[in-house]
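Data first, discussion second: the structure below is written as structure tokens.
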Amino acid sequence: MKEMSEKTGIVDTLEERQPYITRKQEKGQEIPLACDNNSLAGAISQRACVYSGARVVLNPVTDAVHLVHGPIGCAGYTWDIRGAKSSGVETNRSSFSTDMKEIDVVFGGEKKLSNAIDELAGIYRPPVIFVYSTCIVGIIGDDLEAVCKTASKKHNIPVIPVKSEGFKGNKSDGYKAACNALKQLIKRPEKKTVEKKPEIRSESKKPDIKHSKIEKMEIKKPKINILGDFNVAGDVWLVKPLFEKMGIEVIVSMTGDSTAESISRAAEADLNLVQCSGSMTYLAKWMQQEYGIPYQTVSFFGIEDISIALRKTAEYFGSEEMKKKAEKILEAETNRIMPEISRVRESIKGKKAAIYMGGPAKALTLIKGFAELGMEVVIIGTQTGKKEDYEQISYSVRDGTVIVDDANPLELADLLVKQKADLMVAGVKERFIAYKLGVAFCDFNHDRVVEFEGFDGFVNFAKEVDASINSPVWKAVRQRTLNPEPLEPKKTMVESGQEKATIKEEVSEKPYSKKCKGLAPKPEFLHSGQDAVVESEV
Ligand code: SF4
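See below:
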């Protein structure tokens, strides 16, 4: 009972949502947070559906045709929601849909799908076609696998069904569906036989330098894959050169700036570096079992995490020369960017950040990034975190930080106010929650047009945080919220007589506040640094 009343105090929400919001726990304590469940009906989760999860992972494959089998609305998740850049072909910027109508729902959509594949294969001649299933396809039971198999034989290319019916689970299930599709593209390397499946090695264990792979590496150029980097705004292009300078070849980044051909060679790698663990750990584990390729979880955001990524990789390959090269890069790059980072630190001193991410890996790396900028994190949440992720998050933040799973907009708004956040870092759906409250915002997800990874990316991030926090616009927003102007006179159609209608000007006598009661943020939503006292209800 005591626990419940404490939780109620964090944020005013539905009773069933209360177990999903808690505060930081001490190291070693189990975190009392419910997570990794399907979203609560009626709670208006920020999460997207299974299909969307699959689409965000696969859509950056640049030369693939992405065909959505379903009503046109589902196809709205296009390149625009993951502006992944390409260094070559850009077939992925076009979005295709079978545009299922009522008649297809009644009589089945297989023929329509088959015709759409034929048409697209003829026009684009792509090396691969991904066919996404949506809710209605799952309901009517179109046999996607059979249609894709037939089309694959006919066109002599992989036509891969992505089993991503929207209702089948949550966004994480979509990640898994995407990984299952990628598995079908990865080819077993020639002359590389895995006689005995290697034991799955925990990444925390030291690499076995007697491993046969290492012996091969001494005579071959070391090769890695980057899993879970989507080249948003060109991120990968700031990361790959760091490894190349260390003498390592990056075969493919999955899926940012990837092609069907580069993905097919992924099993030639000696090591997988997993950045987005939520979406790609499943694939990394499969590659370890299937091809004996170990994986390590890394991040390319922030000075500390980039340093860890480079050092861990050099350590794995066990080459002294590579270690020296890594240290040289780190020293030179850190010295180069520190003057700008120091300037920003001064400018945003004492400010508080809220983090709300799709996956836990990004949330964790952001905690470190903010520490490097001298900012404190007061709210942290994700859409798809698991118990162990939240425990790690909990141990990494300061006392009093609120941790939330699968939040809805009202909870986030309430938290921003109660925790006195100065900046929210999240994705496109959270942007307007912050804007309406006059809280600075930084898009860390799909819509951004500036790179945040690598050393220059971290400088970009720092500058964006600084510009947003110190923008004069927030003062104006808060003032407007405190002193809302009366509504514009409203024109109403009034029935009069048989034929004519007259227009009557209606000016609400009730203040704006009363009309919006319960919908608009309350004045206490305006927090630190506010320059006015509010008495009326907004
Ligand atoms: S797959 Fe289902 S939940 Fe997802 S966008 Fe389409 S209809 Fe909506």
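In the numbering used here, the protein residues as written are 5 to 542. Glycine included, each C-beta is placed from N, C-alpha and C at the ideal position.
Specify, as a first and last residue, the run of the beta strand (DSSP E) that residue i falls within.
{"i": "tyrosine 591", "result": "This structure gives no information on residue 591, because the portion of the chain shown stretches from 5 to 542."}
{"i": "phenylalanine 171", "result": "Run containing phenylalanine 171: none; DSSP gives neither H nor E here."}
{"i": "tyrosine 136", "result": "133 to 137"}
{"i": "valine 254", "result": "253 to 259"}
{"i": "lysine 356", "result": "356 to 361"}
Since residue i and residue j are thought to touch, with beta carbons under 8 Å apart, how far apart are those beta carbons, to the nearest angstrom?
{"i": "valine 60", "j": "glycine 170", "result": "Between glycine 170 and valine 60 the Cβ distance is about 13 Å, and since that is not below 8 Å, they are no contact."}
{"i": "alanine 270", "j": "asparagine 229", "result": "5 Å"}
{"i": "glycine 178", "j": "aspartate 146", "result": "The Cβ separation is near 19 Å, so there is no contact."}
{"i": "phenylalanine 304", "j": "glutamate 457", "result": "4 Å"}
{"i": "alanine 3", "j": "glycine 385", "result": "Since the first residue shown for the chain is 5 and the last is 542, residue 3 is missing from the structure and cannot be characterised."}
{"i": "isoleucine 383", "j": "alanine 358", "result": "4 Å"}
{"i": "valine 429", "j": "leucine 370", "result": "6 Å"}
{"i": "tryptophan 290", "j": "lysine 424", "result": "With a Cβ gap of about 44 Å, tryptophan 290 and lysine 424 do not count as contacting."}
{"i": "lysine 176", "j": "serine 137", "result": "The sequence as given places serine at residue 176; lysine does not occur at that position. Their Cβ separation, rounded to whole angstroms, is 17 Å, which puts serine 176 and serine 137 out of contact at 8 Å."}
{"i": "glutamate 248", "j": "tyrosine 360", "result": "Glutamate 248 to tyrosine 360, Cβ: 34 Å. No contact."}
{"i": "isoleucine 161", "j": "valine 135", "result": "With 8 Å as the limit, isoleucine 161 and valine 135 do not qualify as a contact, their Cβ atoms being about 12 Å apart."}
{"i": "leucine 71", "j": "isoleucine 121", "result": "7 Å"}
Could you spell out the range, first to last residue, of the alpha helix (DSSP H) harbouring residue i?
{"i": "serine 156", "result": "148 to 159"}
{"i": "isoleucine 312", "result": "307 to 321"}
{"i": "valine 432", "result": "432 to 441"}
{"i": "arginine 340", "result": "324 to 351"}
{"i": "isoleucine 25", "result": "No alpha helix (DSSP H) contains isoleucine 25, which is instead part of the beta strand (DSSP E) from 25 to 27."}
{"i": "serine 266", "result": "264 to 268"}
{"i": "glycine 178", "result": "175 to 187"}
{"i": "alanine 471", "result": "458 to 473"}
{"i": "serine 43", "result": "Segment: none, serine 43 is in no alpha helix (DSSP H) and carries neither H nor E."}
{"i": "glutamate 376", "result": "364 to 376"}
{"i": "tyrosine 81", "result": "Premise fails: tyrosine 81 is in no alpha helix (DSSP H) and is neither H nor E."}
If we count the other Cβ atoms within 10 Å of its Cβ and call it buried at 16 or more, is residue i buried or exposed?
{"i": "glutamine 22", "result": "buried"}
{"i": "proline 75", "result": "buried"}
{"i": "serine 266", "result": "buried"}
{"i": "glutamate 19", "result": "exposed"}
{"i": "arginine 51", "result": "buried"}
{"i": "lysine 521", "result": "Residue placement at lysine 521 cannot be trusted, given a pLDDT of 42 that sits under 50; what the coordinates show is reported in the next sentence. With fewer than 16 Cβ atoms within 10 Å of its Cβ, lysine 521 is classed as exposed."}
{"i": "aspartate 403", "result": "exposed"}
{"i": "glutamine 33", "result": "exposed"}
{"i": "serine 101", "result": "buried"}
{"i": "threonine 197", "result": "Confidence in threonine 197 is poor, its pLDDT being 47 and thus under 50, which makes the residue's placement unreliable; the coordinate value appears in the next sentence. It counts as exposed."}
{"i": "phenylalanine 321", "result": "buried"}
{"i": "asparagine 174", "result": "buried"}
{"i": "proline 343", "result": "exposed"}
{"i": "glutamate 509", "result": "For glutamate 509, the predicted structure reports a pLDDT of 49, less than 50, and the residue's modelled location is therefore unreliable. A value from the coordinates is still provided. Exposed: under 16 other Cβ atoms inside 10 Å."}
{"i": "valine 381", "result": "buried"}
{"i": "proline 476", "result": "exposed"}
{"i": "isoleucine 14", "result": "buried"}
{"i": "glycine 431", "result": "buried"}
{"i": "glycine 92", "result": "exposed"}
{"i": "glutamate 199", "result": "Because glutamate 199 sits at a pLDDT of 43, beneath the cut-off of 50, its placement in the model cannot be relied upon, and the point is left open."}
{"i": "glutamate 272", "result": "buried"}
{"i": "proline 245", "result": "exposed"}
{"i": "aspartate 393", "result": "buried"}
{"i": "serine 98", "result": "exposed"}
{"i": "phenylalanine 436", "result": "exposed"}
{"i": "aspartate 16", "result": "exposed"}
{"i": "alanine 471", "result": "exposed"}
{"i": "alanine 480", "result": "exposed"}
{"i": "glutamate 222", "result": "Low per-residue confidence applies at glutamate 222: pLDDT is 46, beneath 50, and the placement is therefore not dependable, though the value from the model is reported in the following sentence. Glutamate 222 is exposed by the Cβ-count criterion."}
{"i": "glycine 87", "result": "buried"}
{"i": "valine 463", "result": "buried"}
By DSSP's criteria, residue i is part of a beta bridge. Which residues make up the other side?
{"i": "histidine 70", "result": "Phe134"}
{"i": "valine 166", "result": "Tyr136"}
{"i": "leucine 277", "result": "Ile230, Gln300"}
{"i": "aspartate 451", "result": "Paired residue(s): none; aspartate 451 is not in a bridge."}
{"i": "methionine 428", "result": "Ala358, Phe445"}
{"i": "alanine 88", "result": "Val236"}
{"i": "glutamate 380", "result": "Lys356"}
{"i": "valine 65", "result": "Ser262"}
Quick check: is the beta carbon of residue i nearer than 7 Å to any beta carbon in chain D?
{"i": "isoleucine 297", "result": "No chain D appears in this structure, which consists of one protein chain only."}
Any heavy atom of the ligand PLP closer than 6 Å to the CB of residue i?
{"i": "glycine 178", "result": "This structure simply doesn't include the ligand PLP; it includes the ligand SF4 instead."}
Can you check the segment 384 to 417 for any beta strand (DSSP E) of at least 3 residues that lies completely inside it and give the ranges in chain order?
406 to 409
Complete alpha helix (DSSP H) runs within the segment 91 to 119 (minimum length 4 residues, chain order) = 106 to 111
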